[in-house]
Amino acid sequence: MSEERYLTFALGKGRLAKKTLELFEQIGITCDEMKDKDTRKLIFVNEEYKLRFFLAKSPDVPTYVEYGAADIGVVGKDTILEENRNVYEVLDLGFGKCRMCVCGPSSAGELLKHHERIRVASKYPNIAREYFYNKKHQTVDIIKLNGSVELGPLVELSDVIVDIVETGSTLKENGLEVLEEVCPLSARMIVNPVSMQMEADRIRKLVGAIREQLKIQS
Ligand code: PRP
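Letter by letter, the sequence shown follows residues 185 to 402 of our numbering.
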């Protein structure tokens, strides 16, 4: 009976969505509709397993999941921490690995060490606030940016940044470095709390299949 209802997935647009769909294909869940690059469709269906997928801007994924518009979401841990929504994080998918770090010119290391009142630019103001205020007990001024955050220290908007570091090449090319690590990041699967109860069997099976597949790969 519960198979009648579509299980809906919200995927964060971009690299993570591509990796997620590859993983789903490996466990036998395909969605050919989604591969059509010219399509203007927003929602894609797998009739065999009664699944629906849609792509959303990453910060919106936890919102769709909290409100139950999607049962399941796949998004980076950075977004989960920043958005702080009422969702269950059920699985670390292991890909999209990177780190949230405090970065800046090496000279800013001293400012951090002496707990100076510094300016921190970030796309992740909540993560930055949590780190400086609650973990380090350091009063700072947080400036919200929407991208190219590395510009902050370069044009003297801020002393440091809190941002994602993957390969480290953006920092290197701009004469910046990692000064402190905030936390490791990777793609996670999140679930709506009501769906977790109502669709327990289907979700458990899906998570089991993904776990199995990831074990085989690693
Ligand atoms: C992210 C992040 C860094 C960069 C890190 O930016 O904000 O700028 O990637 O990657 P690296 O360590 O491999 O150089 P993104 O490309 O998402 O764009 P954005 O600057 O618009 O946030």
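Glycine residues also receive a C-beta, built at the ideal position from the N, C-alpha and C atoms.
Interface flag, residue i vs chain D, CB-CB below 8 Å
i, result
"SER291", "Considering every chain present, this structure includes no chain D. It has just one protein chain."
Which listed residue (the options) has its alpha carbon closest to that of residue i
i, options, result
"ILE256", "GLY331, ILE348, PHE193 and LEU335", "PHE193"
"GLY392", "ASP222, PHE228 and ASP276", "ASP276"
"GLY260", "HIS321, ARG283, GLU365 and GLU364", "ARG283"
"LYS225", "ALA240, VAL333 and GLU383", "ALA240"
"ALA292", "LEU360, LYS202, PHE208 and TYR190", "LEU360"
"HIS299", "GLU209, ASP385, ASP325 and ILE211", "ASP325"
"VAL362", "ARG372, ALA371 and VAL344", "VAL344"
"SER306", "CYS285, THR214 and LYS328", "LYS328"
"LEU200", "LEU390, GLU334, VAL304 and SER370", "SER370"
"ASP347", "CYS287, TYR272, LEU207 and ILE394", "CYS287"
Residue i burial status per 10 Å Cβ neighbour count (16 or more: buried)
i, result
"ASN230", "buried"
"THR323", "exposed"
"ALA312", "buried"
"PRO368", "exposed"
"MET185", "Low confidence applies to MET185: its pLDDT is 48, below 50, so where it sits in the model is not reliable, and the reading given next is rough at best. It counts as exposed."
"GLU396", "exposed"
"GLU232", "exposed"
Residue i in three-state terms, based on DSSP
i, result
"ILE227", "strand"
"PHE193", "strand"
"ARG269", "coil"
"ARG283", "strand"
"GLY212", "coil"
"SER306", "strand"
"GLY288", "strand"
"ASP222", "coil"
"LEU277", "coil"
"THR204", "helix"
"ARG301", "coil"
"THR263", "helix"
"GLN322", "coil"
- Message: Below 8 Å, how does it come out for the stretch 212 to 230 and the stretch 250 to 268: are there three or more Cβ pairs, yes or no?
- Response: With the cut-off at 8 Å, the stretch 212 to 230 and the stretch 250 to 268 do not touch.
- Any contact of the stretch 376 to 386 with the stretch 246 to 253, i.e. 3+ C-beta pairs under 8 Å? With the cut-off at 8 Å, the stretch 376 to 386 and the stretch 246 to 253 touch.
- Query: Which runs of the alpha helix (DSSP H) fall wholly inside the stretch 325 to 381 and span at least 4 residues, in chain order?
  - Reply: The qualifying runs are 335 to 338 and 353 to 357.
- Query: Can you list, in chain order, the stretches of the alpha helix (DSSP H) that have 4 or more residues and sit fully within the stretch 228 to 261?
  - Reply: If we require 4 residues or more, the alpha helix (DSSP H) runs fully inside the stretch 228 to 261 come out as 245 to 250.
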